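This report refers to the structure that appears directly beneath it.
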Amino acid sequence: MSGTGLAAGVAYSCGPVEAIPYGEGRAFAVGGHQVAVFRKRDGTLRALSAVCPHKGGPIADGQIDNKVVLCPLHLNAFELDTGCSTTGAAPLRIYPVYLEDGEIVVFVS
Amino acid sequence: MTTLIQRPDEGLAGENSRRRLIVIGNGMAGARVVEEILARGGATQFSITMFGDEPYGNYNRIMLSHVLSGEESHEDIFLNSLEWYIENSITLHTGVRVQRIDRFAKVVFSDDGQITPYDELIVATGSRSFMPPMDGLYTPRGSLLPGLFAFRTIDDTRGMIDYATRDDHRRAVVIGGGLLGLEAARGLQNHGIEVDVVHSGRWLMNAQLGREGGEVLRRSMAQLGVGIFTNNRVVSIWGPDKVKAVRLRDETEIHCDLVVVAAGIRPNTDVATTSGFTVERAIVVDDQMRTVDDDHVFAVGECVQHRGEVYGLVAPLWEQAVVLADVITGSNPQAAYLGSRTATKLKVAGVEVAAMGLTEPERETDEHIIFSEPRRGIFKSVVIRDGKIIGATLLGDSKKLAFLQQAFDRGLPLPEERVELLFDLGGPPAEVGVAELAEDAQICNCNGVCKSTIVDTVKGGCKTVSGVMDATRAGKGCGSCKGLVAQLVEYAAGGGVEEDPSAHYYVPGIPMDKPALVQTIRVQDLRSVAEVFAALAPNGEEDAKSKMGLASLLKLIWGAEAPDDREGRFINDRVHANIQKDGTFSVVPQMRGGVTTPEQLRRIADVAEKYAVPMVKLTGGQRIDLLGIKKEDLPKVWADLGMPSGFAYGKSFRTVKTCVGQEFCRFGLADSTKLGVELETRMQGMESPAKMKLSVSGCPRNCAESYVKDVGIVAIDGGRWEVYVGGAAGAHVRKGDLLVTVDDAETAKKLTARFIQYYRENAKWLERTYAFVPRVGLDRIKAVVVEDSEGIAERLDAAVQDHVDSYVDPWSQQGADPVTPGQFRTSLPLEVLPTMPPDRAEQLLGGAW
Numbered sequence: 000m001s002g003t004g005l006a007a008g009v010a011y012s013c014g015p016v017e018a019i020p021y022g023e024g025r026a027f028a029v030g031g032h033q034v035a036v037f038r039k040r041d042g043t044l045r046a047l048s049a050v051c052p053h054k055g056g057p058i059a060d061g062q063i064d065n066k067v068v069l070c071p072l073h074l075n076a077f078e079l080d081t082g083c084s085t086t087g088a089a090p091l092r093i094y095p096v097y098l099e100d101g102e103i104v105v106f107v108s
Numbered sequence: 000m001t002t003l004i005q006r007p008d009e010g011l012a013g014e015n016s017r018r019r020l021i022v023i024g025n026g027m028a029g030a031r032v033v034e035e036i037l038a039r040g041g042a043t044q045f046s047i048t049m050f051g052d053e054p055y056g057n058y059n060r061i062m063l064s065h066v067l068s069g070e071e072s073h074e075d076i077f078l079n080s081l082e083w084y085i086e087n088s089i090t091l092h093t094g095v096r097v098q099r100i101d102r103f104a105k106v107v108f109s110d111d112g113q114i115t116p117y118d119e120l121i122v123a124t125g126s127r128s129f130m131p132p133m134d135g136l137y138t139p140r141g142s143l144l145p146g147l148f149a150f151r152t153i154d155d156t157r158g159m160i161d162y163a164t165r166d167d168h169r170r171a172v173v174i175g176g177g178l179l180g181l182e183a184a185r186g187l188q189n190h191g192i193e194v195d196v197v198h199s200g201r202w203l204m205n206a207q208l209g210r211e212g213g214e215v216l217r218r219s220m221a222q223l224g225v226g227i228f229t230n231n232r233v234v235s236i237w238g239p240d241k242v243k244a245v246r247l248r249d250e251t252e253i254h255c256d257l258v259v260v261a262a263g264i265r266p267n268t269d270v271a272t273t274s275g276f277t278v279e280r281a282i283v284v285d286d287q288m289r290t291v292d293d294d295h296v297f298a299v300g301e302c303v304q305h306r307g308e309v310y311g312l313v314a315p316l317w318e319q320a321v322v323l324a325d326v327i328t329g330s331n332p333q334a335a336y337l338g339s340r341t342a343t344k345l346k347v348a349g350v351e352v353a354a355m356g357l358t359e360p361e362r363e364t365d366e367h368i369i370f371s372e373p374r375r376g377i378f379k380s381v382v383i384r385d386g387k388i389i390g391a392t393l394l395g396d397s398k399k400l401a402f403l404q405q406a407f408d409r410g411l412p413l414p415e416e417r418v419e420l421l422f423d424l425g426g427p428p429a430e431v432g433v434a435e436l437a438e439d440a441q442i443c444n445c446n447g448v449c450k451s452t453i454v455d456t457v458k459g460g461c462k463t464v465s466g467v468m469d470a471t472r473a474g475k476g477c478g479s480c481k482g483l484v485a486q487l488v489e490y491a492a493g494g495g496v497e498e499d500p501s502a503h504y505y506v507p508g509i510p511m512d513k514p515a516l517v518q519t520i521r522v523q524d525l526r527s528v529a530e531v532f533a534a535l536a537p538n539g540e541e542d543a544k545s546k547m548g549l550a551s552l553l554k555l556i557w558g559a560e561a562p563d564d565r566e567g568r569f570i571n572d573r574v575h576a577n578i579q580k581d582g583t584f585s586v587v588p589q590m591r592g593g594v595t596t597p598e599q600l601r602r603i604a605d606v607a608e609k610y611a612v613p614m615v616k617l618t619g620g621q622r623i624d625l626l627g628i629k630k631e632d633l634p635k636v637w638a639d640l641g642m643p644s645g646f647a648y649g650k651s652f653r654t655v656k657t658c659v660g661q662e663f664c665r666f667g668l669a670d671s672t673k674l675g676v677e678l679e680t681r682m683q684g685m686e687s688p689a690k691m692k693l694s695v696s697g698c699p700r701n702c703a704e705s706y707v708k709d710v711g712i713v714a715i716d717g718g719r720w721e722v723y724v725g726g727a728a729g730a731h732v733r734k735g736d737l738l739v740t741v742d743d744a745e746t747a748k749k750l751t752a753r754f755i756q757y758y759r760e761n762a763k764w765l766e767r768t769y770a771f772v773p774r775v776g777l778d779r780i781k782a783v784v785v786e787d788s789e790g791i792a793e794r795l796d797a798a799v800q801d802h803v804d805s806y807v808d809p810w811s812q813q814g815a816d817p818v819t820p821g822q823f824r825t826s827l828p829l830e831v832l833p834t835m836p837p838d839r840a841e842q843l844l845g846g847a848w
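Just so you know, the protein sequences line up as chains A and B, in that order. For the first sequence, numbering that gives the first Met the number 0 begins at 0 and goes up steadily by one. For the second sequence, numbering that gives the first Met the number 0 begins at 0 and goes up steadily by one.
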């Protein structure tokens, strides 16, 4: 995993996007952060912190739709775009993520 | 008194583009209609003017009895303050009475001499107290005798309190032993007044209660110290300057200082009658709440007669207001009010009373279930016709009210044991009435949600049970508190609870019940969860919460032909193991019928050592659980075990628990282990709406707990087997119902499988058999499964055989490579959680042994 310095943070490559099946998520350790990256059906990516603030559940194992991810432990829901919980839990941090030449790039500030 | 609140924007440009709406009546109906109209964006369509002949904003008339009893002050019961009218640009004329409507000129004439034009008019004049004929009502000068009160308005109530609290006033007579009369009696008692109730009916609350219920209520009232005279009436009041006594029809004389008249209400129809509208018992309206005489004049509330019915309760009024607002704003011109099924639910004078529909059976074939315990003031009765509740009465104990009301409103199927309608048998511990629960009482013990959180959520505007459950997570754990949450929502919404249409959906994201969904999936040949969303979800919108249920349903419908669709699956079903709190997994190998061998045990022991499994534990289903396995180790663990999956992670068939049976047990009557192993071999890995735990016991001592399993089989003497279905011993406890007694194990096996297939096809998502069996009804299940009344037995059996033939063990099928990229990749790449100590078992046991 290589890092490229940017103004106020670092962009990390997390390997080819094929590592994540459509509609699922995978977790990456990115510059000391645990990040869950999801590949939506429309092909776009979303990245959020990988640990549920409620009881530490593995967010990357959760099921998603267009709007939310459900933590697999107690089904707390978090918006993929904002990290805000729709079920009253504390929010998840979100990370900028994009595709570059088929590679997943997560930006950690 | 006339208060005129000017609309701030009166006369401004744009005013002319809005239609003029006049509402005659500022009571609960009038104000509610206006609220509903505003909620539909009516402020942009209408400039609204309201007339109310009481000099106040709008208040909750139902709460007047609480004001009388001192539980609430009159300020507490206002629904809309005068500011509300200003904020919503409503012109309110208080203390002004409309005298006539000229519907040809489209104007109303009011008693302040004004003429006000309208485009649309709503009559919501409500009703007034009925004053039965009595001698001595008036003073010689023609005014109402001091000390005589109606009980209808806030002014009546204030006057009554004033009068009752004077030192020299000690006794009251309340005329009318209905709801309002009894509440008045109790309220006056709170002010230290002795009260007698005189009621012309044969028993108290005869409009809502049958004779027996009325008698129980009389006893309860008498215990509270209220004198009761039924089948009697006041013929005269003695003055002459103020109330001194009354005389009853039977010549009884009661000295008293005040008389409260609560002898029913009559619709206020004067304006409509004078103005030439059709008035029978009340103003006649159609299903759109329009008067039958004029398309631009509507009427709503207690002043209307709809399909021959005149209502005196608040719930119908709310339903009417919704329809009227839909129609008048055009938001749903087809909206129709089809009448209300009225139910009364209240505390009369501290006694809980709930009544709906009929009080007594009408036909010979009607069922009538009654429980009466007058000593404790408890009376319960339910009237059933054709398997549906058509009437119910609960007195002194309303624990079962939520269910009865739902069953009455929606025609739900009823428990076979009718007594369960009246009592919770083997259910959760006795519930306290939700109103009495402390604010901080924990309602949901799984997610730690207390009463005040739920009540606040409802007050914040969330008025559906499912909405409140989503917002608070109450009821989202084991689910055993769902009924209580529903009761609380109902309590907090004060009857304004909104039904969530999605309650009937199979999954929340697709607006169809299960039969419709199955049919559509077959017709449109939808094979994956993504295809189902694209074709059937509103706007094709995916819904994460619906995926698991859809994945299960697709497997049921397409069986072996279902594609390997991982996206729809919950993590457990993607990696064939049960996720634990630290993100590790538990591995439970199959151990059919709880039978194992030294060779299996050796392998399990080896695996436990090799992977440093922190905890090895026996499960409730007679198997061995390896806990704390890392996700990335799962395929290696399976390969080393070389045993099939026990499916301890799925919404599926789980295990068959058995006893040792006749082979070893001196009491055993049959070979229960053999039947258990064979059943498990047939049903292994079968997806279902919820998990299924089975058992086979070799004698009625029932060591395998067959009475509390989804399907439990018990050997009885004579080589026969009993098959029980719908048992449970988890968050909910229920003894299974005897489905059938059969002569041989083969038949027991066949009928068990057939029942399970019927359950798979007909149960709602996550509906365990303990809910499914009573919902569908044991008789019906017997008919279909045992007697083949629908001619589908052959098809059900074939579906089971298809499963048997196509079943593939997911563990042995899993090769060295993941099925999807990163299938077993860890989802917590850095250690964040304290994992279980590696020597957990030794710690617990105080050493290796």
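Ideal Cβ positions, reconstructed from N, Cα and C, are used throughout, including at glycine. Model, not experiment: these values are computed from the prediction.
Neighbour list for F27 (chain A) in chain B, Cβ cutoff strictly below 9 angstroms: Start at 1 with the first residue of the first sequence, and residue 27 (chain A) comes out as number 28. Proximity of chain B to F27 (chain A) at the Cβ level (cut-off 9 angstroms) is accounted for by P828, in chain order.
Coil, strand or helix - A353 (chain B) by DSSP: Position 354 of the second sequence, counted from the first residue, corresponds to residue 353 (chain B). Residue state, collapsed to three classes: strand.
Is any beta-carbon of chain B found at less than 9 angstroms from that of G2 (chain A)? Counting from 1 along the first sequence, the entry for residue 2 (chain A) is found at position 3. Confidence in G2 (chain A) is poor, its pLDDT being 49 and thus under 50, which makes the residue's placement too unreliable to answer from.
How long is the line joining the alpha carbons of P239 (chain B) and R210 (chain B), rounded to whole angstroms? Here residue 239 (chain B) refers to the residue found at position 240 when the second sequence is read from its first residue. Here residue 210 (chain B) refers to the residue found at position 211 when the second sequence is read from its first residue. Using only the alpha carbons, I get a separation of about 38 angstroms.
Mind checking I114 (chain B): buried by the 16 CB within 10 Å criterion, or exposed? For the purposes of this step, residue 114 (chain B) is taken as residue 115 along the second sequence, with counting starting at 1. I114 (chain B) is exposed by the Cβ-count criterion.
Hey, does A647 (chain B) have any beta-carbon neighbour from chain A nearer than 9 angstroms? Residue mapping note: residue 647 (chain B) aligns to position 648 of the second sequence, counting from 1. Chain A, which has no Cβ nearer than 9 angstroms to the Cβ of A647 (chain B), makes this no.
Under 9 angstroms between C-beta atoms, does I93 (chain A) make it to chain B? Here the question's residue 93 (chain A) lines up with position 94 in the first sequence. No, because no Cβ of chain B sits closer than 9 angstroms to the Cβ of I93 (chain A).
For I153 (chain B), name the three-state secondary structure that DSSP assigns. Numbered from its first residue, the second sequence carries residue 153 (chain B) at position 154. Three-state result, I153 (chain B): helix.
State the start and end residues of the unbroken alpha helix (DSSP H) segment that holds K387 (chain B). One-based indexing of the second sequence puts residue 387 (chain B) at position 388. Not the alpha helix (DSSP H): K387 (chain B) falls in the beta strand (DSSP E), residues K387 to L394.
G180 (chain B) to V347 (chain B), Cα distance in whole Å? To locate residue 180 (chain B), count along the second sequence from 1; it is residue 181. To locate residue 347 (chain B), count along the second sequence from 1; it is residue 348. One C-alpha to the other measures close to 9 angstroms.
Flag V107 (chain A) as yes if its beta-carbon sits less than 9 angstroms from any beta-carbon of chain B, otherwise no. Start at 1 with the first residue of the first sequence, and residue 107 (chain A) comes out as number 108. So no, V107 (chain A) is outside the interface.
In this structure, how does DSSP classify I377 (chain B) when only helix, strand and coil are distinguished? As a first step, residue 377 (chain B) is located in the second sequence; it is residue number 378 there, counting from the start. DSSP places I377 (chain B) within a strand segment (E or B) once states are collapsed to three.
Taking 9 angstroms as the CB-CB limit, is D80 (chain A) close to chain B? Translated into positions along the first sequence, residue 80 (chain A) becomes position 81. Judged by the 9 angstroms Cβ criterion, D80 (chain A) is not in contact with chain B.
Could you tell me which residues DSSP pairs with A669 (chain B) in its beta bridges? The residue you call residue 669 (chain B) lines up with position 670 of the second sequence. DSSP, once it has assigned bridges, lists no residue as partnering A669 (chain B).
Going along chain B in order, which residues have a C-beta closer than 9 angstroms to the C-beta of E17 (chain A)? Position 18 of the first sequence holds residue 17 (chain A). Under the 9 angstroms cutoff, chain B gives P820.
Chain A contact for A529 (chain B) (CB, 9 angstroms cutoff): Against the second sequence, residue 529 (chain B) aligns to sequence position 530. So, interface residue.
Look up H32 (chain A) in the DSSP assignment and give the residues it is bridged to. Indexing the first sequence from 1 puts residue 32 (chain A) at position 33. In the DSSP assignment, the residues bridged to H32 (chain A) are A:V29.
Are the CB atoms of D499 (chain B) and T463 (chain B) within a distance shorter than 9 angstroms? Here the question's residue 463 (chain B) lines up with position 464 in the second sequence. Here the question's residue 499 (chain B) lines up with position 500 in the second sequence. Yes, the Cβ-Cβ distance between T463 (chain B) and D499 (chain B) is below 9 angstroms.
Could you tell me which of B:E359, B:D111, B:K481 and B:Y117 sits nearest to A212 (chain B), measuring between CA atoms? Residue mapping note: residue 212 (chain B) aligns to position 213 of the second sequence, counting from 1. Reading off the sequence shown, one finds Gly at residue 212 (chain B), where the question assumed Ala. Among B:E359, B:D111, B:K481 and B:Y117, the Cα nearest to that of G212 (chain B) belongs to B:E359.
Verify the CB distance criterion: does K546 (chain B) have a CB-CB separation below 9 angstroms to chain A? Against the second sequence, residue 546 (chain B) aligns to sequence position 547. Yes, contact with chain A.
Pick out whichever of B:T583, B:T268 and B:S371 has its Cα sitting closest to the Cα of V418 (chain B). Taking the second sequence and counting its residues from 1, the one referred to as residue 418 (chain B) is at position 419. If you compare the alpha carbons of B:T583, B:T268 and B:S371 with that of V418 (chain B), the shortest gap goes to B:S371.
For a contact defined as C-beta to C-beta under 7 angstroms, what are the partners of I103 (chain A) on chain B? Mapped onto the first sequence, residue 103 (chain A) falls at position 104. Those within 7 angstroms of I103 (chain A) in chain B number zero; the least Cβ separation is about 12 angstroms.
Run through the stretch 191–275 of chain B for me and flag every whole beta strand (DSSP E) of 3 or more residues, listed as ranges in chain order. 193–197, 226–228, 233–237, 244–247, 252–254, 257–260 and 264–266
Distance, E677 (chain B) Cα to V594 (chain B) Cα: Looking up residue 594 (chain B) in the second sequence gives position 595. Looking up residue 677 (chain B) in the second sequence gives position 678. One C-alpha to the other measures close to 12 angstroms.
Beta carbon proximity, Y97 (chain A) to chain B, threshold 9 angstroms: Counting from 1 along the first sequence, the entry for residue 97 (chain A) is found at position 98. Taking Cβ atoms only, chain B never reaches closer than 9 angstroms to Y97 (chain A), which makes this a no.
Inspect the beta-carbon positions of P266 (chain B) and Q207 (chain B) and report whether they are closer than 9 angstroms. Translated into the one-based positions of the second sequence, residue 266 (chain B) becomes position 267. Translated into the one-based positions of the second sequence, residue 207 (chain B) becomes position 208. Not in contact: P266 (chain B) and Q207 (chain B) (Cβ atoms no closer than 9 angstroms).
Please report the distance separating the alpha-carbon of G224 (chain B) from that of E301 (chain B). If you number the second sequence from 1, residue 224 (chain B) lands on position 225. If you number the second sequence from 1, residue 301 (chain B) lands on position 302. Whole-angstrom Cα-Cα distance: 33 angstroms.
Do you know how far the Cα of V172 (chain B) is from the Cα of G56 (chain B)? Your numbering for residue 56 (chain B) matches position 57 in the second sequence. Your numbering for residue 172 (chain B) matches position 173 in the second sequence. C-alpha separation (whole angstroms): 31 angstroms.
Among B:R165, B:I227 and B:L421, the one whose alpha carbon lies nearest that of R185 (chain B): As a first step, residue 185 (chain B) is located in the second sequence; it is residue number 186 there, counting from the start. Here the closest residue by C-alpha is B:I227.
Determine whether the Cβ of F402 (chain B) lies closer than 9 angstroms to any Cβ atom of chain A. Locating residue 402 (chain B) in the second sequence gives position 403, counting from the first residue. F402 (chain B) does not count as touching chain A.
Determine the direct distance from the alpha carbon of V606 (chain B) to that of A638 (chain B), and round the result to whole angstroms. As a first step, residue 638 (chain B) must be located in the second sequence, where it is residue number 639. As a first step, residue 606 (chain B) must be located in the second sequence, where it is residue number 607. Cα to Cα, A638 (chain B) sits roughly 10 angstroms from V606 (chain B).
Contact list for the stretch 59–70 of chain A against chain B, Cβ threshold 9 angstroms: Of all residues in the stretch 59–70 of chain A, only A59, D60, G61, Q62, I63, D64, N65, K66, V67, V68 and L69 come within less than 9 angstroms of chain B when Cβ atoms are compared, listed by chain position.
Nearest-angstrom Cα separation, counted from V95 (chain B) out to V66 (chain B): Taking the first residue of the second sequence as position 1, residue 66 (chain B) is located at position 67. Taking the first residue of the second sequence as position 1, residue 95 (chain B) is located at position 96. V66 (chain B) and V95 (chain B): Cα-Cα distance of roughly 25 angstroms.
Strand pairing of N538 (chain B), partner residues [DSSP]: One-based indexing of the second sequence puts residue 538 (chain B) at position 539. BP columns for N538 (chain B) are empty, so no partner.
Interface residues of chain A around D460 (chain B) at Cβ under 7 angstroms? What you label residue 460 (chain B) is simply residue 461 of the second sequence in a count that begins at 1. Before going further, note that residue 460 (chain B) is Gly rather than Asp in the sequence given. Going along chain A, no residue has its Cβ under 7 angstroms from G460 (chain B), so there is no contact; the nearest lies around 16 angstroms.
Rounded Cβ spacing between V724 (chain B) and V713 (chain B) (contact assumed at less than 8 angstroms): As a first step, residue 724 (chain B) is located in the second sequence; it is residue number 725 there, counting from the start. As a first step, residue 713 (chain B) is located in the second sequence; it is residue number 714 there, counting from the start. Contact flag wrong, Cβ pair sits at about 12 angstroms.
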